[in-house]
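Data block below; observations after.
2 protein chains.
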Amino acid sequence: MDYRSQITSPTLLIDEKICRANIQKMAEKAELHQLELIPHWKTAQSKKIGEWAREYGIRKITASSIRQAAYLSNSGWELIHIAFPFNIREIPLLNKLAKTQPISVQIVNTYTIQELAKNLTSPVGFMIEIDAGYGRTGVHMSDFAKIDEILQIASTSEHLSFFGFYIHPGHTYYKPDKELIYHETRQALAMLKTKYESQYPNLVTRIGDTPGCSVATDFGDIDQMGPGNFVFYDLMQVELGSCKKSDIAVALAVPVVDIVPERNEILVHGGGVHLAKDHLIEVDGRKNFGEIVILKEDGWEIPESRSFVKSISQEHGLIQASEELLNQVQVGDLLGILPVHSCMTADAMGAYLSLSGEWIDHAEEKKFKV
Amino acid sequence: MDYRSQITSPTLLIDEKICRANIQKMAEKAELHQLELIPHWKTAQSKKIGEWAREYGIRKITASSIRQAAYLSNSGWELIHIAFPFNIREIPLLNKLAKTQPISVQIVNTYTIQELAKNLTSPVGFMIEIDAGYGRTGVHMSDFAKIDEILQIASTSEHLSFFGFYIHPGHTYYKPDKELIYHETRQALAMLKTKYESQYPNLVTRIGDTPGCSVATDFGDIDQMGPGNFVFYDLMQVELGSCKKSDIAVALAVPVVDIVPERNEILVHGGGVHLAKDHLIEVDGRKNFGEIVILKEDGWEIPESRSFVKSISQEHGLIQASEELLNQVQVGDLLGILPVHSCMTADAMGAYLSLSGEWIDHAEEKKFKV
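For the record, the sequence lines run as chains C and B. Residue numbering for the first sequence follows UniProt numbering, beginning at 1 and increasing consecutively. Residue numbering for the second sequence follows UniProt numbering, beginning at 1 and increasing consecutively.
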């Protein structure tokens, strides 16, 4: 049955072929550079898509919250790392999860490791998050006093094991020179490894961001890469040069509810609660909340003349439509929207529909059925 | 038990007293101006909060999607109006709902009413949405040919009843002169009423937007008001002059995971998937994704020195903290965040926790438990 016939309201489509190709490509890149690929599952948040990933040799993943980790636990992963500064209010849940699922957490201060050392009842690994210039979170790369203190406190607990250092160089998202950022990040991780590996011979270093992992050609002696967004990609990644539009693996299917030819506008049911509100800026200063694709039986097609979502409210999406699009669309038809930020769209939608018409799970489990 | 002790991860708090006061105030204003208050439930999306509203004489509500209407149906409402251009793919669901729940839909074109006339099997009311200057959606106020054609097609169906005209003057959100917008809207509705009331003696006119309904003093002979956001209000409404900060009825409780005193920063678990990404712009050009309040046993307190969320990612919120806040906060504490756009925050969170520690339902039903 054509997947389109089962869609009545906004629905997030996934093209399994594109998604698998993205995973395979990154797995091959990791292998080429002798890195272990440990993808950040904040984007996909899905057990089923996790099964696809394991077919490409991926054994460990990363979550961005303990809720995500709980959702993904005991579904076949050798290790789930929670790459968010650990929240000590969640120690009871961590103890519960760690009984059956190998798990590691991220540490950025001494107070948190102290609370873990005091209250853990199950084995838990940890990575120290390092700030090498992004400035969002992490121990400053040269704050050895803090790193030493974290390691010393951890060594008092039989349940804590130090795994290594983690850097998310998020400034690759807004600074043009990704090679320079990677150079600095490599140097920071190499320096830390040299300093601590005599004491911790198995320590690993990890870098994690899609723009950098997609384009970098030199990873030095970094051990692991942890990008997330690459499983789906999106328009922001196209703008950053990480991928092509045809690499985007998800599209929001939306019903057309009105057409205003005199303004070249198409109104669809598809708003901020579906797409989320991330946007790009067009050359003329207008906002772009997503680009239109034509839904076909076996996937979607990027039209030659571009149409995009120029404004959005809670449920409304207003499309600036090309003549070509206006001429082919009727009220009641479906259009597809390539998202600007697929992680947020997937989280807002909470489920995927495959092109063969099957529902694919997402941690938020908000499948659109009534 | 103190509600704070049950919070381990980001949780949307509701202060029932503030929420009830907002509903009561708007109900009194409606009564004063001889309007029927039919609130837009896109903000609250809750059956329980609906029970509170009925205590203030509210009998009918509005939904922004058929899913919301389905969620709210058969929970005590005399009528649910779906204030979104009707999506003909949802006719089967509409027929199902309309069997047990009085329901009305919104019409902006002839094709949709034609499809309804052909395929309805249960009685359904409709309002024609009018565009009187906002430009998002609706039949232009002077397009009588289209209005007449819609009414003519509807009259061929025994299931369709015309209820009246609906205007959402959404430009009150970004244009300063709300009185002028209301003047134009009143005139448009009065003109349409005069023109069509001989044929439809029971037709009503409705206006719906929180900024206007909060501050307008002249509603002319408009029959109904349909604001939504006022049940909670938010920082955007404070900026628009609709309310005071102390009128905001919801706050996101977030755990503190790191403190960086040298940068006056506090990192919390609370990001775009919790707050959504609407923001205000500070006078110095920085973004403001929400303002910090101090959580007390019986509610929250607005501190004298202001702290706000200056950047946000999927799960991270980075707070620009005042000295006062830095001096009183520890890793593991909870802070409150007043949202910039409460409709989006409530939709993202999918549940409320009351100050007495009870969970209150939301249509998205994404209660934060694992």
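Using N, Cα and C, we set each Cβ at its ideal position, and we do this for glycine too.
Drop a sphere of 10 angstroms on the beta-carbon of Arg186/C, count the other beta-carbons inside from all chains shown, and report buried for 16 or more, exposed for fewer. With a 10 Å radius around the Cβ and a threshold of 16 neighbouring Cβ atoms, Arg186/C comes out buried.
Name, please, each residue of chain A whose Cβ falls closer than 8 angstroms to the Cβ of Phe84/C. Going by chain labels, chain A is absent from the structure shown, which instead holds the protein chains C and B.
Just the C-alpha distance for Thr172/C and Pro211/C, rounded to the nearest angstrom, thanks. Looking at the backbone, the Cα of Thr172/C and that of Pro211/C are separated by about 6 angstroms.
Sequence ranges, alpha helix (DSSP H) only - wholly within the region 113-188 of chain C, length at least 4: Taking 4 residues as the minimum length, the alpha helix (DSSP H) runs contained wholly in the region 113-188 of chain C are 144-154, in order along the chain.
With a cut-off of 7 angstroms, does the C-beta of Arg89/B fall near any C-beta of chain C? For Arg89/B, the answer is yes, since a Cβ of chain C falls inside 7 angstroms of its Cβ.
Ranges of the alpha helix (DSSP H) found wholly within the region 184-271 of chain B, counting only runs of at least 4: If we require 4 residues or more, the alpha helix (DSSP H) runs fully inside the region 184-271 of chain B come out as 210-215, 235-240.
Continuous alpha helix (DSSP H) stretch holding Lys99/C: start and end: Per DSSP, Lys99/C belongs to no alpha helix (DSSP H) and is neither H nor E.
Reduced DSSP category for Val370/C - H, G, I as helix; E, B as strand; rest coil: Reliability fails at Val370/C, whose pLDDT of 36 lies under 50, so the model's placement of it is uncertain and no value is given.
His316/C in three-state terms, based on DSSP: In the three-state reduction of the DSSP assignment, His316/C falls in the strand class, which pools E and B.
Per DSSP, the bridge partner or partners of Tyr352/B: Beta-bridge pairing links Tyr352/B to Ile360/B.
Assigned exposure category for Ala69/C - 16 Cβ within 10 Å defines buried: Looking at its Cβ environment, which holds 16 or more other Cβ atoms inside 10 Å, Ala69/C is buried.
Runs of alpha helix (DSSP H) wholly within the region 34-88 of chain C (minimum 4 residues, chain order): Runs of the alpha helix (DSSP H) spanning 4 or more residues and lying entirely within the region 34-88 of chain C occur at 47-54, 66-72, in chain order.
Please classify Met1/B: is it buried, with 16 or more other beta-carbons within 10 angstroms of its beta-carbon, or exposed? Label assigned to Met1/B: exposed.
Excluding the five sequence neighbours on either side, which residues of its own chain have a C-beta within less than 8 angstroms of the C-beta of Gln24/B, listed in chain order? Only Tyr56 meet the Cβ criterion.
Could one say the Cβ of Met349/B lies closer than 7 angstroms to chain C's Cβ atoms, at least one of them? The C-beta of Met349/B comes no closer than 7 angstroms to any C-beta of chain C.
With a threshold of 7 angstroms between beta carbons, is Met344/B in contact with chain C? Answer yes: the Cβ-Cβ gap between Met344/B and chain C drops below 7 angstroms somewhere.
By Cβ distance, which residues of its chain are closer than 7 angstroms to Ala251/B, with the 5 residues on each side in sequence left out? The answer, listed in chain order, is Leu13, Val293, Trp300, Gly336, Ile337, Leu338.
Just to check my reading of the structure: Leu37/C and Ala27/C have Cβ atoms closer than 8 angstroms, yes? What is that Cβ distance to the nearest angstrom? Going by Cβ atoms, the distance from Leu37/C to Ala27/C rounds to 5 angstroms, so yes, they are a contact pair.
Cβ-based burial, Lys369/B [other Cβ within 10 Å; buried from 16]: For Lys369/B, the predicted model reports a pLDDT of 40, less than 50, meaning its position is unreliable; a value from the coordinates is still stated below. The residue is exposed, with fewer than 16 neighbouring Cβ atoms inside 10 Å.
Consider the C-beta atom of Gly299/C and the heavy atoms of the ligand COA; say whether any pair is separated by less than 6 angstroms. Here there are no bound small molecules, and the ligand COA is not part of this structure.
Looking at C-beta atoms only, is the number of pairs between the region 279-291 of chain B and the region 307-325 of chain B that lie closer than 8 angstroms three or more? Enough Cβ pairs lie closer than 8 angstroms, so yes.
In chain B, which residues lie with their C-beta within 7 angstroms of the C-beta of Tyr111/C? Under the 7 angstroms cutoff, chain B gives Val331.
is_contact[Val273/B, chain C] using C-beta, thresh 7 angstroms: Chain C, which has a Cβ nearer than 7 angstroms to the Cβ of Val273/B, makes this yes.
7 angstroms Cβ cutoff met for Ile18/C and Ala346/C: The criterion of a C-beta distance shorter than 7 angstroms is not satisfied by Ile18/C and Ala346/C.
Tell me, please, whether the CB atom of Lys146/C is closer than 7 angstroms to any CB atom in chain B? No - not a single Cβ of chain B is within 7 angstroms of the one on Lys146/C.
9 angstroms Cβ cut-off: residues of chain B touching Ala253/C: Residues of chain B passing the Cβ test: none, with the nearest at roughly 11 angstroms.
Which of the residues in the region 5-27 of chain C, read from start to end, lie with their CB under 8 angstroms from any CB of chain B? Answer in chain order: Ile7, Thr8, Ser9.
Any beta carbon of chain C sitting closer than 7 angstroms to that of Thr137/B? So yes, Thr137/B belongs to the interface.
Is there at least one Cβ from chain B nearer than 7 angstroms to Val124/C's Cβ? Answer no: the Cβ-Cβ gap between Val124/C and chain B never drops below 7 angstroms.
Tell me where the alpha helix (DSSP H) around Glu291/B begins and ends. Boundaries around Glu291/B are those of the beta strand (DSSP E), 290-296, since no alpha helix (DSSP H) includes it.
Using a Cβ-Cβ cut-off of 7 angstroms, state whether Lys287/B counts as contacting chain C. It does not; no Cβ of chain C falls within 7 angstroms.
Neighbouring residues, chain C, relative to Asp278/B (Cβ below 7 angstroms): Those are Lys277, listed as they occur along chain C.
Below-7 angstroms beta-carbon distance, Val108/B vs any chain C residue: Val108/B counts as touching chain C.
Would Pro255/B and Asn87/C qualify as a contact pair, given that the criterion is a beta-carbon distance under 7 angstroms? In contact: Pro255/B and Asn87/C (Cβ atoms closer than 7 angstroms).
Spatial neighbours of Lys99/C within its chain, please: C-beta separation below 7 angstroms, excluding the five flanking residues on both sides. For Lys99/C, where only same-chain residues beyond five positions count, the Cβ hits under 7 angstroms are Ser122.
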